[in-house]
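Everything on this sheet refers to the single structure shown next.
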Amino acid sequence: MDTESDFPTFPLTLLPNEIIKVVLEKVDWATLYNLRLVSRFFNEMILRDFNRFNKPKMNEFKVYSQYEDNGKIKIRYFIICELGKKKIERLYSNEDERDVLVEEYLNKVNMKHIKNFDIAVNNYSPLFKIIIDSFDYGTSVENFYFIINNSPIFMDFYNFLKKLNYIGHIYANKLCLSHPEIPQNISLPILHTLRHLFIVECECTKFINRTMINNLFKYNKYLNALAIYSKTTSFEEDIIRNIKRRHDKCTHEPNNHKETTINLARRSDYNKEREFHRFFPCGTYPMSLDLPIFNSIKVNKKCNECNCNNGISIYFLHMDGYMKHSYS
């Protein structure tokens, strides 16, 4: 008997369209691409419900916005995804809020999980208005780098941040929003994934606040590395308080007692002893004599339940030109 006749074939196109679509939802983007090339039927079906099917994943997304001398705003988009590399360069006016060409390309890519996301903005830019609709709430980013310089775009920036709910590392080498009326209790809706927070605030910007710090610690149990250089200091005690609370609630998980490192800005004439008593007033965290850096405080406390070390290291960076303010 001919073995080929034992397995009769059944044309997929004879199935109801909705069942075909369910099957195609399980197919990777490369197979979908090939189906579009070989069949007009599949090409039209896939294009008709394009957002329903798998798309090539975005790996890196870099965006640079620069205000030009002629009043135009140049934005360069660099995209690395499973389809390959793409560079788009566009010019905008102050009134522009959409770019169909950029939106159409981004909508062809799976933006749900991005490994490296870089943004650099100088002066005013419509960037966040242009790209926000291409991102869904719940987007995850492993490494988020951004520089915002002299840019009065607080609301656009903040509305965009609210879509990035899962971020592993935040590196903000400069945050200058030129906005004196940033709400004092704004927070970042980052859930469970944040491990490292690095932010340098301009003197004109008060972005970091106590509510934000408390919520970040509440919803991100793996957050154990912070570097925050700001002209305000009121939130600093909240950082230490949250770390202490975490230490007091022993979960017997390895990360529960992982050392937390904090970097803060100070003038060169700061008093380390005063800082120690400010953060650890009750003597429950003895200061370690083994200090890796002179401008630092290191404390350890044994856990009452599992006897593990609860370590906190605070490093003070001298920034005299930056720290012109009084403590607040």
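The opening residue of the sequence shown carries number 1 in UniProt numbering; numbering runs sequentially from there.
A virtual CB, placed ideally from N, CA and C, is assigned to each residue, including glycine.
Taking the alpha helix (DSSP H) that residue i falls in, what are its first and last residues?
i, result
"L101", "V100 to L106"
"H252", "Segment: none, H252 is in no alpha helix (DSSP H) and carries neither H nor E."
"H277", "K272 to F279"
"E201", "From DSSP, E201 is part of no alpha helix (DSSP H) but of the beta strand (DSSP E) over H196 to E201."
"L161", "F154 to L161"
"I19", "N17 to L24"
"I131", "L127 to I131"
Taking buried to mean at least 16 other C-beta atoms within 10 Å of its own C-beta, is residue i buried or exposed?
i, result
"D136", "exposed"
"I19", "exposed"
"Y33", "exposed"
"A30", "exposed"
"S230", "buried"
"S268", "exposed"
"L216", "buried"
"M1", "Its pLDDT being 45, under 50, M1 is placed unreliably by the model, and nothing is read from it."
"F154", "buried"
"S93", "exposed"
"H277", "exposed"
"N209", "buried"
"residue 331", "This structure gives no information on residue 331, because the portion of the chain shown stretches from 1 to 328."
"F294", "exposed"
"S328", "Note on S328: pLDDT 33, under 50, position unreliable in the model; the coordinate value appears next. Exposed, since its Cβ has fewer than 16 Cβ neighbours within 10 Å."
Short of 6 Å in beta carbon distance, which residues of its chain neighbour residue i, apart from the five on each side in sequence? Order them along the chain.
i, result
"K163", "F135, Y137 and T139"
"E259", "G311"
"T261", "A225 and S313"
Got a sec, what are the start and stop residues for the beta strand (DSSP E) residue i sits in?
i, result
"K55", "Counting along the chain, K55 falls outside any beta strand (DSSP E), and DSSP gives it neither H nor E."
"residue 332", "No answer is possible for residue 332: it lies beyond the span of the chain, which begins at 1 and ends at 328."
"E97", "Run containing E97: none; DSSP gives neither H nor E here."
"T260", "T260 to R266"
"F117", "H113 to N122"
"Y229", "A225 to Y229"
Can you check DSSP and say which residues form a bridge with residue i?
i, result
"K86", "I79"
"I167", "V141"
"L91", "K74"
"S296", "Y315"
"N110", "K57"
"F146", "I119 and A172"
"residue 329", "In this structure the chain extends from 1 to 328, so residue 329 is not present and cannot be described."
"K301", "N310"
"K221", "Paired residue(s): none; K221 is not in a bridge."
"K62", "F78 and D118"
Is the beta carbon of residue j closer than 8 Å to that of residue i?
i, j, result
"N123", "Y158", "no"
"S187", "T211", "yes"
"H169", "H192", "no"
"F280", "V299", "yes"
"N165", "L226", "no"
"I199", "L177", "no"
With a threshold of 7 Å (Cβ to nearest heavy atom), would residue i be considered close to the ligand GTP?
i, result
"L32", "The ligand GTP is not part of the structure shown, which contains no ligands of any sort."
Who are the near neighbours of residue i in its chain, counting only those whose CB is closer than 7 Å to its CB and skipping five residues on each side?
i, result
"T13", "F41"
"T284", "K301"
"L127", "V63, S65, I75 and V121"
Just to confirm my understanding: we take residue i, look at its own chain, exclude 5 residues before and 5 after, and list those with CB closer than 8 Å. What are they?
i, result
"V109", "K55, P56, K57, M58, I79, C81 and L83"
"I213", "F235, D238, I239 and N242"
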